[in-house]
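One structure is given below, encoded as C-alpha cells.
Chains as they are written, first to last, in the numbering used here: chain A, 1 to 228; chain B, 1001 to 1103.
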C-alpha cells in the first residue's frame, strides 16, 4: 500500500512530461489574449475561473470578433462538455470521497491529468488514497498553466508565431493514446472519432469536440457487442 | 460585461467537471455503459489530435505535404517505440521545425 505522499508524487511525475506541451500552449494562450486587445488582468483571470486552454482562446476570439456573450458562453460550455465523460470515468475511483472533497477535486480535472491519473487508477484499483494521484497531476497542471499563461501575457508579441507552438497540443495527446494503437478495437474508436471531428469541424459552437466522441463511443459499444 | 461572461463560462465549465463526479450516482449507469466508458480516452483525444494536425488556424484543411503531417508521423513512431512522452512531443516539434525552417 502506497502512502498519500507517494501517490501524490506519482501524480506529479506522471504529468510532468506533458509540460513540454502545456507550457508552450499556455504562453500562446496568454499572448493571444493580449494580442486580441483584452486587459492583462482579464486574460489571466480566465486561467483561474475557466482553467481550460482551448476554450479560453475560443472565448476571447469570439468576443473580439463581435460575437454575443451568449455564443461565447455556449461555445465554452460545449468545448468543455467532454469533462462530463472524464467525470463519469473517474467517479468509480472517487466514489468513497466525501461530497465536499468531490466538489473540490473536480476543479482540478483537465485532459492530461485525467488521462494520466486514469491510467494509474486502472493499474492500482486497490490503493486507498487514489485521489492523491489526481491531486498531484491536476495540481501540477494548474500551477504550470497559471505560470505559463502569465508568461504569455507578459511576453506577448515576443513569442514568434512562426514557431507554431500550438502544434504541441496534438503531440501531447498523441503521446497519451499512442500505446493503444496496438489494440484493434481502440484503433477503430480512435479513427471514428478523428474522422468525425474533421467531418463536423464546422458544426456550430465547436460542437465537433463532443459530437465525435459520442459517435466514437457508439461505435465502441458496437465493437464490444461484436467481441462477445 | 466581459467579466460577467467569464464568470458564467467558468461556472458552466466547473459544472461539467463536477456533475458526474459529485452529483450522479455511479450505480445509475448500467454495466454496459461502464464497459463503454473504458474507451473514453480513445474516443475523445483524437477529436483534439486530428483537427490540430489537419486543420490550420483559418479553419481550412491543410495540404497533404504540410510539415505538421510529417511531424505527427514522427511523433507517433517515436512515441510508440520509446513509450516516452517527452520524446514524443520533442521529436514531433523538432521534425516540424526542421521542415519549416531548414528545407
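Each residue gets a CB set at the ideal place from its N, CA and C atoms; glycine is no exception.
None of the values given here were measured: they were computed from a predicted structure.
Taking 8 Å as the upper bound for CB-CB distance, residue 148 of chain A and residue 12 of chain A are not in contact here, some 16 Å apart. Considering only beta carbons, the part of the stretch 1040-1066 of chain B lying closer than 9 Å to chain A consists of 1040, 1041, 1042, 1043, 1044, 1045, 1046, 1047, 1048, 1049, 1050, 1051, 1052, 1053, 1054, 1055, 1057, 1059, 1061, in chain order. Taken through DSSP and simplified to helix, strand or coil, residue 51 of chain A comes out as coil. In chain order, 30, 31, 33, 34, 40, 43, 44 place their CB closer than 8 Å to the CB of residue 153 of chain A, counting only its own chain and leaving out the 5 sequence neighbours on each side. Scanning chain A for C-beta atoms nearer than 8 Å to the C-beta of residue 1007 of chain B yields 49, reported in chain order. Rounded to the nearest whole angstrom, the C-alpha separation of residue 1079 of chain B and residue 178 of chain A is 6 Å. Among the residues of the stretch 70-86 of chain A, those with a Cβ less than 8 Å away from any Cβ of chain B are 72, 73, 76, 77, 80, 81, 82, 83, 84, 85, 86, in the order of the chain.
For residue 139 of chain A, the enclosing alpha helix (DSSP H) begins and ends at 131-155. Nearest CB-CB separation between residue 1071 of chain B and chain A: below the 9 Å threshold. Under DSSP, no beta-bridge partner is assigned to residue 1070 of chain B.
Residue 96 of chain A has a beta carbon lying at 9 Å or more from every beta carbon in chain B. Separation of the CB atoms of residue 77 of chain A and residue 1007 of chain B is rounded to 13 Å, and the pair is thereby denied contact status at 8 Å.
Taking a C-beta cut-off of 9 Å against chain A, the contacting residues of the stretch 1027-1041 of chain B are 1029, 1032, 1033, 1034, 1035, 1036, 1037, 1038, 1039, 1040, 1041, listed in chain order.
DSSP, read as helix, strand or coil, puts residue 1061 of chain B in strand. Interface flag for residue 1093 of chain B against chain A is set, since a Cβ pair is found closer than 9 Å.
Under a criterion of Cβ atoms nearer than 9 Å, no residue of chain A is adjacent to residue 1098 of chain B; the nearest Cβ is some 12 Å distant.
When rounded, the separation of the alpha-carbon atoms in residue 1092 of chain B and residue 161 of chain A is 17 Å. Of A:51, A:112, A:2, the smallest CA-CA separation from residue 1044 of chain B is found for A:112.
Here residue 1022 of chain B is near residue 99 of chain A, since their CB atoms are less than 9 Å apart. Closer than 9 Å to the CB of residue 118 of chain A there is at least one CB belonging to chain B. Interface residue (Cβ-Cβ distance to chain B less than 9 Å): residue 201 of chain A is classified as such. In the DSSP assignment, residue 1036 of chain B falls within the alpha helix (DSSP H) that extends over 1031-1037. For residue 1091 of chain B, the uninterrupted alpha helix (DSSP H) segment begins and ends at 1085-1097. Secondary structure note for residue 208 of chain A: its alpha helix (DSSP H) is the uninterrupted segment 208-227. Uninterrupted beta strand (DSSP E) stretches at least 3 residues long and entirely within the stretch 18-78 of chain A do not occur. Look at residue 63 of chain A: its C-beta is under 9 Å from a C-beta on chain B. Residues 185, 188, 189 of the same chain have their beta carbon placed closer than 8 Å to that of residue 223 of chain A, with the five preceding and five following residues left out of the count.
Closer than 9 Å to the CB of residue 172 of chain A there is at least one CB belonging to chain B. By the neighbour-count criterion, in which 16 or more other beta carbons inside 10 Å mark a residue as buried, residue 143 of chain A falls on the exposed side. Counting every other CB atom within 10 Å of its CB across the protein chains shown gives residue 1033 of chain B a total below 16, marking it as exposed. Scanning chain B for C-beta atoms nearer than 8 Å to the C-beta of residue 29 of chain A yields nothing, as the closest lies near 14 Å away. When the alpha-carbon of residue 80 of chain A is set against those of B:1096, B:1016, B:1066, the nearest one is in B:1016.
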